[in-house]
Amino acid sequence: MQKRNSSNSSRVLHFEFCILHCAIALLVLSPLAAEAQIANRDLVARVGAYVSEFYRRFGSVVAEERYEQAVRRAPGSSTTSVRRGDNGPVATTLVSDFLLVQIPGEGWMPFRDVFERDGKQVRDREERLAKIFLSGSRESLDQARAIMNESARYNIGNVQRNINVPTLALVFFTDEQRPRFSIKVGKSEDEGVVIEFRETARPTFIRTANDRDIAINGRLWVDETDGTIHKTELHAVDTNVEAHITVTYSLDAGIGVWVPSRMEERYRAGRDSSEVRGTATYSRFRRFTVKTSENIDDPK
């Protein structure tokens, strides 16, 4: 009986010893975890500040976009071939002007104006969008949107889309959109520190053609010191449609800004369907001045 009590006492003391050391370990780790959380918040804040500065500087730039699209049989599809006439052309190359413009009340909006398709001009090669926005009127915005919709019709394949713009992922780190996402700072890789994001708010930022929610998730690769974005990756997937867009950035010496240099994308609608793949490259970055006014939101 006494021996059993002694044994029990030993076990109790050993248990208390473990509790004491675990508490010490927690006291040591907690400040480190808190510092890591603060560092992660600071990094996300730097990225947000960088995005604002990027829009300010890239918003006065026109880029030439060379955009190659192709339709192919998706892996695992029972479709034996993709033929001209099923969903239109199986490949196309578009050359366009691409630019961002700040619209009062709506933020920074991307615009694409196709001027060449498969080596043939579809309009005069002039900076039509830049000239339109110089007027800063409500009519100019309507005209620019009409041009954007017209350019979207040159996309091929069975997936209707207007999210195929290289700067889309940056929008999610603006002050207005960031609260819609769960954000996690990950490990450091060659392109920079990885920041993962996942949309949690509803309705979602992107909607399907039949107005169904489709949540976004993705990653950024950023410079830890100043928040410069080197690469973005975006995914929007549900049971009926999927979209994957990856954009790499490089420093353009002419304008002194990290700019989108290459966009790679993949789309698919339905389980047994063809797949649309696209690759866009950007060059000939040149500055212009856009003048807008609050009148652009005036219904009159």
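One rule links them: number in my numbering = place in the sequence shown (from 1) + 1249. From the three backbone atoms N, C-alpha and C, an ideal C-beta is built for every residue, glycine too.
Exposure of residue i, with buried meaning 16 or more beta-carbon neighbours within 10 Å
| i | result |
| --- | --- |
| S1389 | buried |
| F1534 | buried |
| E1438 | exposed |
| L1417 | buried |
| A1393 | buried |
| S1532 | exposed |
| E1314 | buried |
| I1287 | exposed |
| P1452 | exposed |
| S1522 | buried |
| T1449 | exposed |
| A1529 | buried |
| K1436 | exposed |
| R1536 | exposed |
| K1369 | exposed |
| S1400 | buried |
| S1499 | exposed |
| E1284 | exposed |
| L1275 | Confidence at L1275 is low in this model, with a pLDDT of 46, below 50, so its placement is unreliable and the value that follows should be read with caution. L1275 should be labelled exposed. |
| F1266 | Bear in mind that the predicted position of F1266 carries a pLDDT of just 36, short of 50, making it unreliable; the figure below should be weighed with that in mind. F1266 should be labelled exposed. |
Under 9 Å between C-beta atoms of residue i and residue j
| i | j | result |
| --- | --- | --- |
| V1350 | I1504 | no |
| V1434 | L1292 | yes |
| R1517 | T1497 | no |
| F1446 | G1467 | yes |
| N1407 | V1525 | yes |
| I1396 | F1347 | no |
| D1475 | Y1299 | yes |
| R1429 | A1492 | no |
| V1442 | D1462 | no |
| V1296 | F1382 | no |
Reference residue i; option with closest CA among the options
| i | options | result |
| --- | --- | --- |
| A1312 | A1379, K1369, R1410, E1448 | A1379 |
| T1495 | Y1403, I1405, I1412, K1369 | I1412 |
| E1218 | T1477, A1418, F1422 | Absent from the structure is residue 1218, since the part of the chain shown begins at 1250 and ends at 1549. |
| R1374 | L1343, P1353, N1398 | L1343 |
| E1355 | Q1426, R1456, D1472, A1285 | Q1426 |
| V1490 | D1475, V1300, G1308, N1459 | N1459 |
| G1550 | Q1318, Q1286, N1289 | The chain is shown only over 1250 to 1549; residue 1550 falls outside these bounds and no answer can be derived. |
| S1431 | V1320, I1465, L1500 | I1465 |
| E1302 | D1424, R1315, R1377 | D1424 |
| R1322 | A1340, R1315, F1307, R1305 | A1340 |
| V1320 | R1536, A1288, N1404 | N1404 |
| E1514 | P1353, F1382, V1414 | V1414 |
| M1358 | R1372, F1307, H1479 | F1307 |
| T1457 | G1519, W1470, T1481 | G1519 |
| R1402 | V1371, G1297, R1377 | V1371 |
| R1222 | K1480, S1345, E1482 | Residue coverage of the chain in this structure runs from 1250 to 1549, which leaves residue 1222 outside it and unanswerable. |
| E1482 | V1508, I1444, W1507, N1289 | I1444 |
Stretch pair the segment 1479-1486 + the segment 1364-1371: three plus CB contacts closer than 8 Å:
no
Could you tell me which whole alpha helix (DSSP H) segments of length 4 or greater appear in the segment 1383-1465?
1387-1401
Contiguous beta strand (DSSP E) assignments of at least 3 residues, all confined to the segment 1501-1531:
1506-1518
Secondary structure, alpha helix (DSSP H): runs of 4+ residues fully inside the segment 1348-1377
none
Just list the beta strand (DSSP E) runs in the segment 1281-1323, keeping only unbroken ones of 3 residues or longer that don't cross its boundaries, in chain order.
1310-1322
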